[in-house]
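Residue numbers (my numbering): 171 to 427. Ideal placement from N, C-alpha and C gives every residue a C-beta, glycine not left out. Predicted, not measured: the structure shown is a model, and the values here were computed from it.
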Ligand SMILES: Nc1ncnc2c1ncn2[C@@H]1O[C@H](COP(=O)(O)OP(=O)(O)OP(=O)(O)O)[C@@H](O)[C@H]1O
Ligand SMILES: [Mg+2]
């Protein structure tokens, strides 16, 4: 299976701390790849290195066949690589609709310029954009709160909005940093369903979570991070039965998923 993203030997230190060290993994096109590991294992740093938020000290990142190491986040978004943050990043004073609409503008500079300059394709472009916003409202079950200011949404729906904004840019790969953190079991199930639908729509996914059950039910493969590097990569069954993983992360009494 061709890979959409390859990280090879990526490293990032903060002073003496090796937050990510010699991390190598790939995301197959069309798969949901889970990333799991204890607090401080380097999961968020890894996502930062891949998504252009932080430049790696060493190593290489390739996306859709192109070397993108150290490329700025907004240029990666134009190429189809987008991420959400561990805490939500929506504009609280803007409505749900406005937040998602804004997300579509990161899609490409051509979109931006055709809007600014007007011209022949402009009206059709705007119609298509509005259609896209409406689809995302429906898909993420946000239609009933379309005119609500984001800061008035309950936490779970703010997270759904964060994902809608990221999807508005029409990505090929979306990186979700703990989309289910702080949610009830029921809300977390809804997030899992949503991620499955995103994947079925043809978008590859990297999803971070602490909960092995959540990751195992959702992901085709899992990367287990430990001290900034990949302890094990494999199917949920492979990683949960790996002795290294059991010892380092799951505890000796864990049963395979
Ligand atoms: N900007 C920074 N400056 C200094 N140290 C940092 C910085 N960002 C992360 N770290 C450190 O790097 C290590 C990895 O952090 P990171 O946030 O990537 O872990 P994580 O796996 O995402 O953890 P969590 O599960 O708590 O979100 C931690 O020890 C953290 O304190
Ligand atoms: Mg983190």
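Whether residue i touches residue j by CB criterion (9 Å)
| i | j | result |
| --- | --- | --- |
| residue 253 | residue 243 | yes |
| residue 203 | residue 374 | yes |
| residue 320 | residue 381 | no |
| residue 274 | residue 299 | yes |
| residue 332 | residue 214 | no |
| residue 246 | residue 233 | yes |
| residue 343 | residue 376 | yes |
| residue 440 | residue 335 | Examination of residue 440 is not possible in this model, given that the chain is present from 171 through 427 alone. |
| residue 209 | residue 171 | no |
| residue 227 | residue 183 | yes |
| residue 362 | residue 346 | no |
| residue 307 | residue 316 | yes |
Unbroken beta strand (DSSP E) run spanning residue i, endpoints
| i | result |
| --- | --- |
| residue 400 | 399 to 404 |
| residue 251 | 251 to 253 |
| residue 343 | 343 to 347 |
| residue 204 | 202 to 206 |
Bridge-paired residues (DSSP) for residue i
| i | result |
| --- | --- |
| residue 182 | 190 |
| residue 176 | 196 and 232 |
| residue 354 | Answer by DSSP bridge pairing: none, since residue 354 is not bridged. |
| residue 265 | 319 |
| residue 395 | 400 |
| residue 376 | 203 and 345 |
| residue 237 | 232 |
Residue of the options minimising C-alpha distance to residue i
| i | options | result |
| --- | --- | --- |
| residue 266 | 382, 292, 310 and 195 | 310 |
| residue 410 | 386, 398, 372 and 299 | 386 |
| residue 349 | 417, 315, 370 and 327 | 327 |
| residue 223 | 255, 412 and 302 | 255 |
| residue 250 | 239, 172 and 221 | 221 |
| residue 405 | 229, 305 and 390 | 390 |
| residue 401 | 176, 182, 184 and 192 | 192 |
| residue 271 | 237, 337, 407 and 322 | 337 |
| residue 302 | 322, 341, 329 and 325 | 341 |
| residue 378 | 392, 367, 323 and 368 | 392 |
| residue 369 | 231, 304 and 201 | 201 |
| residue 318 | 261, 237 and 408 | 261 |
| residue 384 | 367, 360 and 403 | 360 |
| residue 235 | 188, 357, 176 and 229 | 176 |
| residue 305 | 194, 367, 354 and 325 | 367 |
Range covered by the alpha helix (DSSP H) that runs through residue i
| i | result |
| --- | --- |
| residue 491 | Not covered by the structure: residue 491. The range shown for the chain is 171 to 427. |
| residue 304 | 292 to 309 |
| residue 382 | 382 to 388 |
| residue 337 | 325 to 338 |
Anticipated Cβ contact below 8 Å, residue i with residue j, distance rounded
| i | j | result |
| --- | --- | --- |
| residue 216 | residue 205 | 7 Å |
| residue 190 | residue 180 | 6 Å |
| residue 352 | residue 211 | Between residue 211 and residue 352 the Cβ distance is about 19 Å, and since that is not below 8 Å, they are no contact. |
| residue 240 | residue 225 | 4 Å |
| residue 396 | residue 371 | The pair is not a contact, with the Cβ atoms about 32 Å apart (cut-off 8 Å). |
Ligand 3 heavy atom lying under 8 Å from the CB of residue i
| i | result |
| --- | --- |
| residue 214 | Questions concerning ligand 3 fall outside what the structure shown contains, since the ligands it does hold are ligand 1 and ligand 2. |
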